[in-house]
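Each residue of the sequence shown is one higher than the one before, starting from 1 at the first, in the UniProt record's numbering. Yeah, the Cβ is synthetic: ideal placement off N, Cα and C, and Gly gets one too. As structure tokens, the structure follows; a few thoughts come after it.
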Amino acid sequence: MRAALWFLILFGVAAAAALFAGTNQGSVTLFWPPYRIDLSLNLVLLLLVLGFVTLYAALRALAALLELPREARRWRLRQKERAMHGALLDGLAHLLAGRFVRARRAADAALQQEQALQAGGESVAHAVALRTLAHVVAAEGSHALQDRTTREAHLREALENLPAQGPVRVQELREGVQLRAARWTLDDRDPAAALEQLAALPHGAARRTLALRIKLKAARLAGHTAEALETARLLAKHRAFSATAAQGILRSLATNLLDGAHDAAQLQQLWASLEPAERNMPELAIHAAQRLAALGGDPAQVRAWLLPAWERLVELPHALPDAQALKLVRTLEASLDSLDAAWLARIEAAQQANPRDSRLQYLAGVACLRRDLWGKAQQLLTQAVAQLHDASLRASAWRHLATLAEQRGDAEAAAQAWKNAALQVVAP
1 MRAALWFLIL
11 FGVAAAAALF
21 AGTNQGSVTL
31 FWPPYRIDLS
41 LNLVLLLLVL
51 GFVTLYAALR
61 ALAALLELPR
71 EARRWRLRQK
81 ERAMHGALLD
91 GLAHLLAGRF
101 VRARRAADAA
111 LQQEQALQAG
121 GESVAHAVAL
131 RTLAHVVAAE
141 GSHALQDRTT
151 REAHLREALE
161 NLPAQGPVRV
171 QELREGVQLR
181 AARWTLDDRD
191 PAAALEQLAA
201 LPHGAARRTL
211 ALRIKLKAAR
221 LAGHTAEALE
231 TARLLAKHRA
241 FSATAAQGIL
251 RSLATNLLDG
261 AHDAAQLQQL
271 WASLEPAERN
281 MPELAIHAAQ
291 RLAALGGDPA
301 QVRAWLLPAW
311 ERLVELPHAL
321 PDAQALKLVR
331 TLEASLDSLD
341 AAWLARIEAA
351 QQANPRDSRL
361 QYLAGVACLR
371 RDLWGKAQQL
381 LTQAVAQLHD
391 ASLRASAWRH
401 LATLAEQRGD
411 AEAAAQAWKN
421 AALQVVAP
């Protein structure tokens with residue numbers, strides 16, 4: 001379409017010029033004594049146009065001739081810049097391919113090209129970013145080669161190249177270098193130095209997912225369980241893990257945190273510092289209750305911590321794995337010495353709602369035994385001992401039956417019960 005318009009304009013100009021020149025009878029007379037020269041106006045106009053074109057072409061040719069040295073300099077500069085960019089791209093490619101020696105060599109070549117340009121008084125666009133990236137590539141290759149001296153030298157050069165206060169792009173590049181340095185330090189199994197480097201980051205950069213992942217690993221490696229747990233919570237909120245992985249990490253860290261308690265009071269403080277969702281985890285609640293019982297805590301407090309796991313077991317008998325359900329029953333059994341009426345009613349209601357659950361029958365029998373309800377305890381334990389799948393629970397049930405038989409004065413039944421309990425212990 002554009003070419004058609006140009007043709008139309010050209011035809012219009014040609015037609016106008018033909019009309020003007022065809023009817024133009026004007027002339028131009030030049031007097032140069034003793035000569036007189038008569039020229040047609042059309043010829044004069046044509047000569048003027050040709051003269052202007054010739055003069056313009058000559059001036060352009062002269063300008064191009066004078067511009068040749070400058071163009072040659074620009075060409076050489078572009079060639080050097082291309083070589084520098086090519087060396088940096090080669091370094092990145094070698095780094096991704098695992099050729100760390102070649103990557104470091106290519107990065108050094110890019111740095112040499114940039115230094116040569118700078119020494120020649122030439123300014124390169126994005127020189128700071130290019131120089132920094134080249135240092136980072138060289139440092140990354142040195143880190144992979146376990147050359148810490150060269151890595152630290154390039155890291156120092158990269159940080160010195162970036163001012164602490166500058167444009168947003170420069171600040172982001174500096175933060176990236178610091179994050180990379182923290183990761184290198186963590187790979188060197190120096191979590192304290194990694195945490196110090198992360199602490200030097202701005203507040204916004206320190207809360208990024210990458211920084212939080214490094215902080216989580218460093219805190220766990222340094223044994224800072226509370227800090228690692230808080231970091232894992234932030235990562236879970238940022239959805240850095242899947243729901244299952246996040247729950248597993250939080251459970252593991254919370255378990256380690258509780259294991260570090262030295263007495264019941266400290267354990268209760270740590271338990272109160274956990275979030276409600278963490279305290280409702282059955283595995284964590286059972287472990288915390290076991291830990292509290294081992295530290296001599298209040299049995300009522302033990303049962304209170306076990307309540308969420310107990311309610312889950314009662315509502316969905318198969319929701320908890322057999323190992324967790326066994327731990328729950330064992331922990332509750334250990335805290336039944338000072339059993340109150342509320343928990344006794346709770347256990348009896350659960351047993352009546354699930355009469356085929358031998359674990360609940362066993363627990364209800366032990367609860368009745370603790371409350372001196374011997375007849376009911378005898379009935380429940382006798383029914384449970386034949387259905388229990390776990391050998392340790394069967395052995396405990398037989399021991400309780402032996403105790404009840406001794407209290408009745410039935411020596412033969414007591415001896416048989418003790419024998420059955422011993423058989424359960426020595427059975428493979």
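- A direct Cα-to-Cα measurement between Leu133 and Pro191 gives close to 25 angstroms.
- Per the C-alpha coordinates, the member of Gln269, Gly375 and His389 positioned closest to Ala254 is Gln269.
- When DSSP states are grouped into helix, strand and coil, Phe241 belongs to the coil group.
- For Val28, the enclosing beta strand (DSSP E) covers residues Ser27 to Trp32.
- The alpha-carbon of Leu66 is positioned some 17 angstroms away from that of Arg76.
- Shown here, Asp410 sits in coil according to DSSP, grouped into three states, outside any helix or strand.
- Take the alpha-carbon of Ala97 and the one of Met84: they are about 20 angstroms apart.
- Nearest to Glu275 by C-alpha distance, out of Gly297, Gly260, Leu250 and Gly296, is Leu250.
- Going by DSSP, Arg105 is part of no beta strand (DSSP E) but of the alpha helix (DSSP H) stretching over Phe100 to Ala119.
- For a cut-off of 8 angstroms, the C-beta gap from Asn354 to Pro317 is around 6 angstroms, short enough to register as a contact.
- Two segments are said to touch when three or more pairs of C-beta atoms, one from each, lie closer than 8 angstroms; by this definition the region 113–121 does not touch the region 150–163.
- The beta carbon of Asp410 is closer than 7 angstroms to none in its chain, skipping five residues each way along the sequence.
- Following the DSSP letters along the chain, one finds Ser142 inside the alpha helix (DSSP H) bounded by residues Ala127 to Ala144.
- Closest option to Ser252, judged by alpha-carbon separation, among Glu71, His262, Arg220 and Leu47: Arg220.
- Taking C-beta separations shorter than 6 angstroms and ignoring five residues to either side along the sequence, the partners of Met281 in its chain run Arg251, following chain order.
- Taking the CA atoms as reference points, Asp38 sits about 53 angstroms from Arg73.
- Pairing Leu92 with Arg180, the inter-Cα distance amounts to about 15 angstroms.
- Taking each of His143, Gly204 and Leu344 in turn and checking the Cα distance to Asp188, the smallest one comes out for His143.
- Of all C-beta pairs linking the region 206–226 to the region 256–264, three or more are shorter than 8 angstroms, placing the two stretches in contact.
- Cβ contact annotation for Gln424 (same chain, cutoff 6 angstroms, sequence separation greater than five): Ala391, Arg394 and Ala395, in chain order.
- CA-CA distance, Lys217 to Arg169, rounds to 28 angstroms.
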